[in-house]
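See structure below.
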Amino acid sequence: MSAAPRVLVVHNRYRIEGGEERSVDLQLAALEAAGVDHASFERRSADAGRARAAAAMLRGGDDPAELAAAVRLLAAGDITPDRAGRADPAPPNRGRRSGEIFAGTSTSISAAAPGPVIVHAHNTVPLVGPAGLAAARAAGARVVLHLHNVRIFCATGFGERDGAPCRLCTGRHTLPGLRHNCRDSLAEAAVYAAALSLHQPRLLDAVDRFVAPSAAARDELAARGLDPGRVEVLRHYLPAELFAERSAAGEGRYALIASRLSPEKGIEDAVRACVAAGVPLRVAGEGPERARLERLARELGAGGAQVAFLGRLPADALARELAGAAMVLMPSRYHEFSPYSALEAMAAGVPVAATAMGGLPELLGDGRCVPVGAVDEFAALVGALWSDPARRAEEGEALLARARERHSRAAYTDALLGLYGRLTASSATAA
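All the letters of the sequence shown, read from the start, carry residue numbers 183 to 613 under this note's numbering.
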């Protein structure tokens, strides 16, 4: 009987952390709760200057040998809490921070029981890169790449331009990202265009299975050139403490948006819809659109609803806002894969009014989404929910039940371990 696999969760944390970091942290919590031997390997974009990040992208990774060393140590069972952070540290004369290979380890790993390793990677840009994944595979690991966006094809990762969906970059054809200066810096756009195209074959060869958080995400990746037969759907989950006992949306006092304030999020459409429907709106979040949206709200506000901009809120304050909401609005203009903000609203028993973009219809179910840009339809949906507290409570209960059924930790863990089991079984068959 073969040994149970150890899992090495790999992630290059973004300069501004968001939903992807949350997905990584929740995965680690699920592995810990399931008693799966695991460790994490992290790099942080904030630790790299622009020159180092650009060089890493063009090379396909900063130091692939580090990840390969981590795989070998984990396979040997040679990772214990006192070894965390001291596994093959970066040589000081390389100009690299003397940081940790392992940013956290499971205390259940035994040196007496070597076993196979699965590398489960999330973001790899810029410091891990395709070269890191290839090195991990060469060291004997099976490799899973968890795609939360279209960054393997697109310089921004969002697959949008000027507030609308964009599919100009597909496969290795990445020059449109340079032509349209999608990084707002021609130098950065050139690096992304070159690196994404140059290293894509190595990335595809290094990965055994891709993972996406929704079927819509899988389809969007397929539209850009990724073989859908290589992609498995693994839905997000939320911890049990975030699930409400019942919906209180019938007593809700306002519509709520929790989002980055940028064009692709479609906040302008929600402001116009709420003013037209006479629904008070509270907007939590920051971003480049805030000043313009505040001006718009003032211009429209004389004959409509009050719109309050709250800025970026800490988690506890945002939870209080959600508890008092009559509905949550998701007016996205691009293909969001599976936003946590919608899932959190479901778990809180709060109705969601959204656009039919990306993974939102799949997440929310039928009848809760309108076409993107259809402000009148969005206003009608928002107004109907606002005027009918009983309907809000009913919708909230339905979404709460849907979240419990499809997005529990148990459902996530079963799907995740099933994926790992299939990978290790195929390894044993190949051997």
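Beta carbons: idealized from backbone N, C-alpha and C, even for Gly.
Which value, in whole angstroms, describes the spacing of the CA atoms of residue i and residue j?
i, j, result
"Arg324", "Leu599", "14 Å"
"Glu559", "Leu546", "17 Å"
"Phe491", "Ala572", "28 Å"
"Phe340", "Pro445", "12 Å"
"Ala394", "Gly578", "26 Å"
"Val218", "Thr606", "14 Å"
"Val453", "Pro296", "57 Å"
"Tyr508", "Leu601", "One detail in the question is off: residue 508 reads as Ala in this sequence, not Tyr. Their Cα atoms are separated by approximately 38 Å."
"Met528", "Arg584", "8 Å"
"Pro274", "Ala561", "Its pLDDT being 28, under 50, Pro274 is placed unreliably in this model, and the coordinates cannot settle the point."
"Gly603", "Ala337", "33 Å"
"His362", "Gly353", "17 Å"
"Glu468", "Glu414", "33 Å"
"Ala369", "Gly359", "11 Å"
"Tyr436", "Gly506", "7 Å"
"Pro347", "His517", "7 Å"
"Phe335", "Thr306", "13 Å"
"Ala318", "Leu309", "14 Å"
"Leu409", "Glu402", "Going by the sequence as given, residue 409 is Asp instead of Leu. Rounded to the nearest angstrom, the two C-alpha atoms are 11 Å apart."
"Ser379", "Gly314", "17 Å"
Count the other CB atoms, across all protein chains shown, that sit within 10 Å of the CB of residue i; report buried if there are 16 or more and exposed otherwise.
i, result
"Pro470", "exposed"
"Ala212", "buried"
"Asn194", "buried"
"Pro421", "exposed"
"Asp244", "buried"
"Leu327", "buried"
"Pro312", "buried"
"Asn331", "buried"
"Gly200", "exposed"
"Ala320", "exposed"
"Gly242", "buried"
"Ala235", "buried"
"Ser429", "buried"
"Glu342", "buried"
"Ala250", "buried"
"Arg400", "buried"
Can you look up residue i in the DSSP assignment and give me helix, strand or coil?
i, result
"Gly322", "coil"
"Cys456", "helix"
"His517", "coil"
"His416", "According to the sequence displayed, residue 416 carries Leu and not His. In this structure, Leu416 counts as coil in the three-state DSSP scheme."
"Ile449", "helix"
"Phe560", "helix"
"Asn194", "strand"
"Glu224", "strand"
"Ala303", "strand"
"Ala566", "helix"
"Glu203", "helix"
"Glu342", "strand"
"Met539", "coil"
"Ala252", "helix"
"Pro347", "strand"
"Thr606", "helix"
"Gly314", "helix"
"Arg391", "strand"
"Arg428", "coil"
"Gly555", "coil"
"His381", "helix"
"Gly178", "With the chain running from 183 to 613 in the structure shown, residue 178 is simply not present."
"Leu240", "helix"
Do residue j and residue i come within 8 Å of each other at the CB atom, strictly closer than that value?
i, j, result
"His418", "Leu525", "yes"
"Ala575", "Gly432", "yes"
"Ala426", "Leu208", "no"
"Leu500", "Ala479", "no"
"Ala398", "Gly541", "yes"
"Ala238", "Ala247", "no"
"Ala530", "Leu504", "yes"
"Leu240", "Ala371", "no"
"Ala316", "Arg384", "yes"
"Ala215", "Arg474", "no"
"Arg472", "Leu443", "yes"
"Val564", "Leu511", "yes"
"Ser523", "Ser441", "yes"
Tell me which same chain residues have a C-beta within less than 6 Å of the C-beta of residue i, skipping the five on either side of it?
i, result
"Val206", "His193, His304"
"Ala228", "Arg197"
"Arg188", "Asp219, Leu256, Gly297, Val299"
"Gly448", "Pro513, Ser514, Arg515"
"Val389", "Val325, Leu327"
Can you give me the Cβ contacts of residue i inside the same chain, cut-off strictly under 8 Å, excluding the 5 residues immediately before and after it?
i, result
"Val557", "Asp451, Arg454, Ala455, Ala458"
"Leu416", "His328, Val393, Ala394, Pro395, Tyr594, Ala597, Leu598, Leu601"
"Ala405", "Arg349, Thr352"
"Leu567", "Ala508, Met509, Pro533, Ala535, Arg573, Arg574, Glu577"
For residue i, which residues from the same chain have a beta carbon less than 7 Å from its beta carbon, with the 5 sequence-adjacent residues on both sides left out?
i, result
"Gln488", "Pro462"
"Pro543", "Cys551"
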